[in-house]
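Trainee: Got a structure for you, questions after.
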Amino acid sequence: MTKWEYQVAPIPLHNEALMLNNFGQDGWELVAIHTNAQGGLVAFLKRPGQGA
Numbered sequence: 008m009t010k011w012e013y014q015v016a017p018i019p020l021h022n023e024a025l026m027l028n029n030f031g032q033d034g035w036e037l038v039a040i041h042t043n044a045q046g047g048l049v050a051f052l053k054r055p056g057q058g059a
């Protein structure tokens, strides 16, 4: 069974695609994106854990 590691990251509103593409190049998969109480975006990401 795959073990996952997770990351929660704020995404700047002026370069969303650049930030998400950078995470993707590092092996992160976007699971969800939500708006926080201040109106900013927060990305929830996962990737297979070390040794997976």
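According to the numbering used here, numbering within the sequence shown proceeds without interruption in unit steps and concludes at 59.
Just so you know, even glycine gets a beta-carbon here, dropped at the ideal spot from N, CA and C.
State the DSSP-derived secondary structure class of glutamine 14, mapped to helix, strand or coil.
Mentor: strand
Trainee: What residues match up with valine 49 in a beta bridge as DSSP calls it?
Mentor: Pro17 and His41
Trainee: What separation, rounded to the nearest whole angstrom, lies between the Cα atoms of aspartate 106 and glutamine 45?
Mentor: Absent from the structure is residue 106, since the part of the chain shown begins at 8 and ends at 59.
Trainee: I'd like the list of long-range same chain contacts for glutamine 14, defined as Cβ closer than 6 Å, with 5 residues on each side in sequence excluded.
Mentor: Leu52
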